[in-house]
Each structure stands twice: as C-alpha cells, then as structure tokens.
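Residue numbering for the sequence shown follows our numbering, beginning at 0 and increasing consecutively.
What follows is a set of notes on a single structure, which appears directly below.
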Amino acid sequence: MKSGANLVEILEEISREVEPVIYEALSENASPEFQEVLLYPVKTGGKRIRPAVVLLSCEAAGGKPEKALNAAAAIELVHNYTLIIDDIIDHGHVRRGMPTLWKKYGLTMALLAAVQYREVISELLLKSENSKRLLSIVDYYIMRLVEGERLDVLFEQFGRGDEPYVVENRRTSVSFEDYIEMVAMKTSSLYEAGAMMGAVEAGAEEKIVESFREFGLNLGISFQIVDDLLDLFGSTSETGKQV
C-alpha cells in the first residue's frame with residue numbers, strides 16, 4: 000500500500016488490485032449468459048472494506064499483500080454471497096442504489112448465483128499454500144454469520160407472519176447485549192475472518208493471528224453500529240438501501 004495515502008485512496012487501490020481476481024474467478028467456469036448474473040453484485044459498487052482488512056492485516060503482520068490477493072477476493076465474495084441471500088430473506092429491492100440481484104434477475108437465478116459464489120470462494124482459497132487453514136476459517140465464520148442472521152430475523156418485532164418458525168421463536172424483548180451478540184456474529188464474522196486470513200497468509204504465529212481476530216471483531220461491531228444508525232436516521236441516497 001502507498002505510504003501516506005488516505006483511507007479512500009487505499010480502498011481505491013485495493014479495488015484495482017482485487018477486482019480483476021474476483022471477475023476472473025467468477026467468469027472462469029460460468030457460461031457467458033450466466034456471467035452477467037454472477038458479476039452483477041460485484042459490479043454495482045461496494046467499498047471493498049473486507050478485502051482491505053485482509054491485505055492490510057497481511058502487511059501489518061509482516062507479509063506481502065500480493066500473497067493474500069486470492070484470500071482478499073474470497074472474503075469479498077463471501078460478503079456478496081451473504082448479501083444475495085440477505086436480500087432474499089428481507090425481500091430487499093435496492094442495494095447500493097441499484098436493484099438487488101433477485102429483483103433484477105429473479106429468485107431462481109439469484110439462488111443459483113449464491114451456490115456458484117460458494118464454490119468459487121473455495122476454489123480461490125485452495126490456491127493458497129495455507130488453504131486448509133483459510134478454508135476452516137471461512138467455514139467457521141459462515142456458520143457464525145448464519146446464526147447471526149437467524150437472530151437478526153428473530154429480533155424483528157413484526158412481519159413474517161407466514162413463517163411459523165419466526166412467529167413461534169420471535170424475541171419480543173431484545174437487550175443491548177443481545178444486539179451486540181447478534182452483530183458480533185452477523186457482521187463481525189467477516190472482519191474477524193478477513194483479519195485472521197491476512198495474518199495467516201503473512202505466516203504469523205497463532206497468538207498474532209488471535210490478536211488480529213480481536214481487531215476484526217471490534218471493527219465489525221463498530222461498523223455495524225454506524226450502519227444501523229444510518230438505517231434509522233439516514234436516507235436512501237446516503238445508504239444505497241431502502242430506509
């Protein structure tokens with residue numbers, strides 16, 4: 000990364016480095032007609048914060064960021080993979096100021112794209128000499144993210160009356176501690192995973208990897224609190240989502 004660069008410049012530089020890896024990985028084993036669907040989520044924007052966490056963590060742990068490019072691309076695909084599913088769960092129509100994938104291409108193509116993303120993520124990580132460790136990190140944090148999403152749905156105070164499980168298990172009282180627990184799983188998971196993956200690719204010892212995990216946890220919680228405040232008090236032009 001350039002020394003003295005501000006955050007916007009760093010994110011722009013990382014986008015330039017990571018996006019070709021993402022586009023190639025998504026296009027490699029897909030028909031030309033399906034490539035349009037697969038590339039849509041990653042071409043509609045996004046700040047690339049999670050791949051930045053991977054590359055900057057790798058550099059901070061003493062490694063060469065270019066060694067972690069596949070891991071950085073993978074974590075961005077995990078993020079977009081979860082957004083595809085999240086928009087289906089929430090019946091969301093707008094993401095990053097554009098129609099969501101399922102709204103633009105239909106539910107069937109969105110679900111197929113999500114399955115394809117999951118396989119491409121694994122293929123990217125298998126290219127690393129640390130593939131076993133990276134895959135175990137991603138698998139674990141996807142499972143944590145699923146639990147966070149489940150809690151987030153149960154924390155909703157109305158709606159989903161046609162979903163028996165949600166109706167029966169809805170949390171009618173949610174404490175701040177409950178909220179932080181949910182956020183730690185739903186949002187921090189990918190920041191934790193990204194920070195750990197960067198440190199692993201740098202060859203850091205386990206206690207250093209754990210320090211990066213704690214950094215990712217706190218970064219993710221902070222990010223989600225700000226995002227939720229924008230959802231409450233911001234506008235669609237500010238958030239790129241339905242408010």
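Think of the CB as a built atom: it goes at the ideal place given N, C-alpha and C, for glycine as much as any other residue.
As the structure is a computational prediction, the values presented were derived from the model and not from experiment.
Could you spell out the range, first to last residue, of the alpha helix (DSSP H) harbouring residue i?
i: Thr171; result: Taken as a continuous stretch (DSSP letters only), Thr171 belongs to no alpha helix (DSSP H), as it is neither H nor E.
i: Ala73; result: 68-88
i: Thr186; result: Counting along the chain, Thr186 falls outside any alpha helix (DSSP H), and DSSP gives it neither H nor E.
i: Ser30; result: No alpha helix (DSSP H) holds Ser30; DSSP gives it neither H nor E.
i: Asn129; result: Looking at the DSSP string, Asn129 is not in any alpha helix (DSSP H), and its letter there is neither H nor E.
i: Phe157; result: Here Phe157 belongs to no alpha helix (DSSP H), and DSSP marks it neither H nor E.
i: Pro50; result: 48-59
i: Asn217; result: 205-232
i: Glu118; result: 106-124
Using the Cα positions of residue i and residue j, report the straight-line distance between them to the nearest angstrom.
i: Ala67; j: Lys102; result: 33 Å
i: Thr43; j: Val36; result: 11 Å
i: Ile136; j: Met196; result: 8 Å
i: Phe232; j: Cys57; result: 36 Å
i: Gly158; j: Val152; result: 10 Å
i: His90; j: Glu16; result: 33 Å
i: Asp227; j: Met184; result: 15 Å
i: Pro98; j: Met181; result: 27 Å
i: Leu144; j: Ser127; result: 23 Å
i: Ala73; j: Ser130; result: 12 Å
i: Glu146; j: Leu55; result: 28 Å
i: Glu22; j: Leu38; result: The sequence shown places Tyr at residue 22, not Glu. Using only the alpha carbons, I get a separation of about 7 Å.
i: His92; j: Thr107; result: 15 Å
i: Leu111; j: Arg149; result: 21 Å
i: Val208; j: Ala60; result: 9 Å
i: Lys206; j: Glu213; result: 11 Å
i: Thr238; j: Arg94; result: Note that Thr238 has pLDDT 49, beneath the 50 cutoff, so the model's placement of it is unreliable and no number is given.
i: Phe154; j: Asn168; result: 9 Å
Please indicate yes or no: does the CB of residue i lie closer than 7 Å to some heavy atom of the ligand MN?
i: Leu216; result: With respect to the ligand MN, the structure offers nothing, as it holds no ligand at all.
With a cut-off of 8 Å on the beta carbons, I'd call residue i and residue j a contact; round off their distance for me.
i: Arg47; j: Ile13; result: 5 Å
i: Ala51; j: Leu10; result: 6 Å
i: Pro19; j: Leu100; result: No, Pro19 and Leu100 are not in contact; Cβ-Cβ is about 21 Å, not under 8 Å.
i: Arg117; j: Tyr80; result: 6 Å
i: Val225; j: Ile141; result: About 24 Å separates the two Cβ atoms, so there is no contact after all.
i: Arg268; j: Glu75; result: The structure shown has nothing for residue 268, since the chain only spans 0 to 242.
Exposed or buried, which one is residue i when buried takes at least 16 other CB atoms within 10 Å?
i: Thr171; result: exposed
i: Phe211; result: buried
i: Gly96; result: exposed
i: Gly62; result: buried
i: Gln223; result: buried
i: Gly105; result: exposed
i: Glu8; result: exposed
i: Val114; result: exposed
i: Arg186; result: One detail in the question is off: residue 186 reads as Thr in this sequence, not Arg. Buried.
i: Leu25; result: buried
So, does the CB of residue i fall closer than 8 Å to a CB anywhere in chain D?
i: Asp138; result: Protein chain content of the structure displayed is limited to a single chain, and chain D is not contained in it.
Review point. Taking three-plus beta-carbon pairs below 8 Å as touching, is the segment 215-225 in contact with the segment 190-206?
Key: Output reads yes: the segment 190-206 touches the segment 215-225.
Exercise for review: Would you check if the segment 147-165 and the segment 111-130 touch, i.e. whether three or more CB-CB distances between them fall below 8 Å?
Suggested key: The answer is no - the segment 147-165 does not touch the segment 111-130, with fewer than three Cβ pairs under 8 Å.
Review point. Does the segment 24-35 touch the segment 85-93, meaning 3 or more C-beta pairs lie closer than 8 Å?
Key: Because the criterion of three Cβ pairs below 8 Å is not met, the segment 85-93 and the segment 24-35 do not touch.
Point to revise | Given 8 Å, three or more beta-carbon pairs between the segment 199-207 and the segment 174-188 | key: No: the two stretches stay apart, fewer than three of their Cβ pairs being nearer than 8 Å.
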